[in-house]
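Asker:
Residue numbers (the numbering used here): 656 to 762.
1. Out of curiosity, what's the CA-to-CA distance linking residue 685 and residue 736?
2. To the nearest angstrom, how far is the alpha carbon of residue 738 from that of residue 659?
3. Where do the N-terminal and C-terminal ends of the alpha helix (DSSP H) with residue 710 fall, by residue?
4. Does the Cβ of residue 687 have 16 or more other Cβ atoms within 10 Å, making it buried, or fewer, making it exposed?
5. Using CA atoms only, rank isn't needed, just tell me which of 762, 756, 682, 700 is closest to residue 719.
6. For residue 664, which of 740, 751, 689, 682 has the nearest alpha-carbon?
7. Let me confirm a value: residue 722 is counted as buried when at least 16 other C-beta atoms fall within 10 Å, else exposed. Which label applies?
8. Select from 712, 749, 757 the residue whose C-alpha is nearest the C-alpha of residue 668.
9. Any idea if residue 692 is buried or exposed, counting beta-carbon neighbours within 10 angstroms, 16 or more meaning buried?
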């Protein structure tokens with residue numbers, strides 16, 4: 656594989672990594688929102704859920720379960736993103752080392 660090809664792959668991996676980081680931030684934000692909703696629900700008696708443009712009264716227990724389920728799903732998604740991020744960073748490091756070695760050979 657040529658040095659130019661490796662550099663192209665590095666650029667693609669960096670782009671993928673940036674996309675993963677954006678996804679990670681979005682999931683973190685949603686996770687904080689779900690955790691905050693759970694905390695607030697525990698301190699109130701009346702509970703409502705917004706569906707489209709309508710606010711519907713719903714049982715506190717059902718909303719707590721929804722928030723817990725959402726938190727669990729987002730936690731799993733976060734672990735998946737972090738695993739992908741780690742794998743890509745590892746590949747980037749290896750490819751960077753190869754490119755540097757190739758460039759030293761050509762000097």
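Idealized CB from N, CA, C, for every residue including glycine.
All values derive from a computational prediction rather than experimental measurement.
Answerer: Put simply:
1. Here residue 685 refers to the residue found at position 30 when the chain shown is read from its first residue. Here residue 736 refers to the residue found at position 81 when the chain shown is read from its first residue. Each residue's Cα considered, the two are about 14 angstroms apart.
2. Within the chain shown, the letter at position 83 stands for residue 738. Within the chain shown, the letter at position 4 stands for residue 659. One C-alpha to the other measures close to 28 angstroms.
3. In the chain shown, the residue the question calls residue 710 occupies position 55. From DSSP, residue 710 is part of no alpha helix (DSSP H) but of the beta strand (DSSP E) over 709-712.
4. Here residue 687 is taken as the residue at index 32 of the chain shown, counted from 1. Residue 687 should be labelled exposed.
5. As a working note, residue 719 is residue 64 in the chain shown. Ranking the options by Cα distance to residue 719, first place goes to 700.
6. Taking the first residue of the chain shown as position 1, residue 664 is located at position 9. Of 740, 751, 689, 682, the residue nearest in Cα terms is 751.
7. In the chain shown, residue 722 corresponds to position 67, counting from 1. Its Cβ being crowded by 16 or more others within 10 Å, residue 722 is buried.
8. Reading the chain shown from its first residue, position 13 is the one you call residue 668. Comparing Cα positions, the closest option is 749.
9. In the chain shown, the residue the question calls residue 692 occupies position 37. Residue 692 is buried by the Cβ-count criterion.
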